[in-house]
Every structure is written in C-alpha cells, then in structure tokens.
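J.: Following this message is one structure expressed as structure tokens.
There are 2 protein chains.
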Amino acid sequence: MHDQLSLTFSALADPTRRAMLAQLSKGDANVSDLARPFLKDMSLPAVTKHLKVLERAGLVTKTKEAQWRPCKLNGAPLKDATDWMEQYRIFWEESFDRLEEYLKTVTAKSKTKSHTKSKGKKNGRKK
Amino acid sequence: MHDQLSLTFSALADPTRRAMLAQLSKGDANVSDLARPFLKDMSLPAVTKHLKVLERAGLVTKTKEAQWRPCKLNGAPLKDATDWMEQYRIFWEESFDRLEEYLKTVTAKSKTKSHTKSKGKKNGRKK
DNA sequence: TTTATATTTAACTCATTGGTTAATTAACCG
DNA sequence: CGGTTAATTAACCAATGAGTTAAATATAAA
Chain Y
1 MHDQLSLTFS
11 ALADPTRRAM
21 LAQLSKGDAN
31 VSDLARPFLK
41 DMSLPAVTKH
51 LKVLERAGLV
61 TKTKEAQWRP
71 CKLNGAPLKD
81 ATDWMEQYRI
91 FWEESFDRLE
101 EYLKTVTAKS
111 KTKSHTKSKG
121 KKNGRKK
Chain Z
1001 MHDQLSLTFS
1011 ALADPTRRAM
1021 LAQLSKGDAN
1031 VSDLARPFLK
1041 DMSLPAVTKH
1051 LKVLERAGLV
1061 TKTKEAQWRP
1071 CKLNGAPLKD
1081 ATDWMEQYRI
1091 FWEESFDRLE
1101 EYLKTVTAKS
1111 KTKSHTKSKG
1121 KKNGRKK
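Which chain is which? The protein sequence lines are Y and Z, in order.
Per our numbering, the first sequence runs over residues 1 to 127.
Per our numbering, the second sequence runs over residues 1001 to 1127.
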C-alpha cells in the first residue's frame, strides 16, 4: 500500500532500519558511517536498500557532499505515526480493564444492541 | 524478522488492518462483523489472514463463542511501539530546528570532529 | 439427520522484500 | 591520466505477503 502511514510503519518494521534511525538520532552520518555497524551482517548494497526504504518513507533525507551522501533523520512521519497510535492510548493504560467492564455493562443495559459478547445464546448482530 | 516491535509495526503497516483495529476500538466484534466493511474489496479468507497477522502481533485476541469468534483489541503492543517512538519526539517538535542549529555550531566550535555536514571542502569523518 | 451459518484451511498465483555478487558511476587525489 | 574511495545499479534468488477459489470444519437449528 502507498499511503504515508503504511510506508512509515513498514519502514519501522525492521530492526536494521530502526538501528539506523537510532544512529542518525545521534548525528548526521554518510552512508558508509551508517553502514559500518552492519557490515558484519550484510553487504553495503543491502544497507543502501534499507536506506532507500527510509527515504521513501520520508524518515531520512540524503544530500550531496563530494562523493559522500550525508544523511539526516527527519522525524515528521513519526509524529503522524504517534498521533495515530495516541487514539488507542486508552487501550493500554492501567485503568482500562475496569473502564472496559464498566462500558460493557452500561451499553448492555441502555441499548439492546449487545456488542457480540454475552455468554449464553446471542448471535453476533446478524444483518 | 521476529522481534515483537517488528511484528507490531508490520501489522500496522496495512490500512485494512488499521481499519480493523479502529473498528475493534469501538467494541468487540466477531469475524464476520469485522469483515463486513471489507467484503466489497476482498474475500473472507483474506480478512481471516489479516486477522491472523494482528493476532500474531498480539494486537487482537480471539475467543470462542459457539460458531462465532469474538475478537478483542489488545493495546499492549502499541504501548511498546509508542515508547519506542517517544525517544524521537525531539525530532518532530517545534523547537527542534533551532535546537539543531545550536547543537551543530556548538560541536563545530568545541571539537574538530565536524559532524559530516559543513558546506565547502571537508570530508565526512573518515576512518 | 439434514441444513444453514461462521470460520478456517489448502493450494495456488503474483508482487514485494531482503539479501547476494559483480559491474558502474562519481568525485577526489597524486 | 590513473588510482582510490564512496555509493549506486543491475541481475539474480529465496522467502514472505496479500490475494484468490474451492473444500473442510464446527456449531446451531429445523
């Protein structure tokens, strides 16, 4: 998929790429600097490819400096990603379990909609 | 890759799956409820597969209720993902541009290390 | 016991990903 | 110019991802 959020998340879905971002967070670096920690595990072209994924996602910008290609971390896409995640914060916060139970009983009483779960006989809201 | 963070991010790197999470955030739902909005675009087995990706990432838990499979959103993995992103917050916050400029001039003056970029003739920290 | 509903599994296709090695481009340096 | 360093491109390959249709399984209901 081509939407920005998908590009961002899939760029982040690789430990090598996350490590590259971590390195860039400590300062700009050109490609071979950036590659150095990984050259035991993979070739330079592999690093170039990872870098290209990060660029496509807008997480890294590469400029020109003689034969070097200084890279810079760009955090903007991460903001959109965290913004998206924020809407789920309630689902991982401490109080959630109790809150959820509360909401479930409330909706069960007020409406007859019964949100799927109910233990016993009830269908899952068919048609 | 098999680490949890990669599993989480790659599960999120698809708009269909994000939409499913959005739906689940409004309440538990069984598979066909969850599939309904997507059946114009894809088959039911496709949905099952997406769901399995979300389960593998721990974002959804599926239980048994007669022939139905009620699904529930589990936010825990999202917490780890946002925690990871938090460390980059400074890279997308307003003040960053000025701060970065400041840091750059500081390091350029104190040390002779020259963080790669400098416009003119300078190599990118070689060896 | 048959039938209907809900969901999964199997088997297959096609595109993308992540890696490789070898060759190529680009810029500097003596 | 010729050599060296930095980085990319090309051509290839195996594994994975996202989808399909058809068949199988599980439970309820008539």
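Glycine included, each C-beta is placed from N, C-alpha and C at the ideal position.
It should be emphasised that the depicted structure is a prediction, and the values quoted were computed from it without experimental measurement.
Taking 7 Å as the threshold (C-beta atoms), are Z:Phe1038 and Z:Val1031 in contact?
T.: no
J.: Does chain Z have any CB closer than 7 Å to the CB of Y:Leu78?
T.: yes
J.: With three or more beta-carbon pairs closer than 8 Å as the criterion, would you say the segment 74-87 of chain Y touches the segment 1058-1073 of chain Z?
T.: no
J.: Just the C-alpha distance for Z:Tyr1088 and Z:Asp1028, rounded to the nearest angstrom, thanks.
T.: Straight-line Cα distance between these residues: approximately 33 Å.
J.: Let me confirm a value: Y:Leu34 is counted as buried when at least 16 other C-beta atoms fall within 10 Å, else exposed. Which label applies?
T.: buried
J.: For Z:Phe1038, does the three-state DSSP call read helix, strand or coil?
T.: helix
J.: Near Y:Leu44, which residues of its chain fall below 7 Å by C-beta distance, leaving aside the five closest residues on each side in sequence?
T.: Ala35
J.: Strictly below 9 Å CB to CB, what residues from chain Y border Z:Asp1003?
T.: Pro15
J.: Helix, strand or coil, according to DSSP, for Y:Lys64 in the structure here?
T.: coil
J.: Can you find a C-beta in chain Z that's less than 7 Å from the C-beta of Y:Gly75?
T.: Closer than 7 Å: yes.
J.: Once DSSP output is grouped into helix, strand and coil, what is the label at Y:Leu59?
T.: coil
J.: Whose C-beta lies closer than 6 Å to the C-beta of Y:Val53 among residues of the same chain, with five residues either side of it excluded?
T.: Ala11
J.: To the nearest angstrom, report how far apart Z:Leu1024 and Z:Leu1005 are at their CA atoms.
T.: 21 Å
J.: Determine the DSSP secondary structure at Y:Ala29, reduced to helix, strand or coil.
T.: strand
J.: If you drop the 5 nearest sequence neighbours on each side, which residues of the same chain put their C-beta closer than 7 Å to that of Z:Leu1007?
T.: Arg1056 and Ala1057
J.: Can you confirm whether Z:Ser1010, when its beta carbon is compared against all beta carbons of chain Y, has any partner nearer than 7 Å?
T.: yes
J.: Can you confirm whether Z:Ser1006, when its beta carbon is compared against all beta carbons of chain Y, has any partner nearer than 7 Å?
T.: yes
J.: Could you tell me the boundaries of the alpha helix (DSSP H) in which Y:Arg17 lies?
T.: Pro15 to Leu24
J.: Does the beta carbon of Z:Phe1091 come closer than 7 Å to any beta carbon on chain Y?
T.: Interface residue, yes.
J.: Could you give the C-beta distance for Y:Phe91 and Z:Leu1078, rounded to a whole number, given that I count them as a contact under 8 Å?
T.: 7 Å
J.: Relative to chain Z, which residues along the segment 40-52 of chain Y have a C-beta separation below 9 Å, given in chain order?
T.: When CB distances to chain Z are screened at a threshold of 9 Å, not a single residue of the segment 40-52 of chain Y falls below it.
J.: Give a yes or no on whether 7 Å exceeds the smallest Cβ distance from Y:Pro85 to chain Z.
T.: Sequence check: residue 85 of chain Y is Met here, not Pro. Answer yes: the Cβ-Cβ gap between Y:Met85 and chain Z drops below 7 Å somewhere.
J.: Does the CB of Z:Thr1061 have a neighbour CB from chain Y at under 7 Å?
T.: Using beta-carbon distances, Z:Thr1061 does not count as an interface residue toward chain Y, since no partner is under 7 Å.
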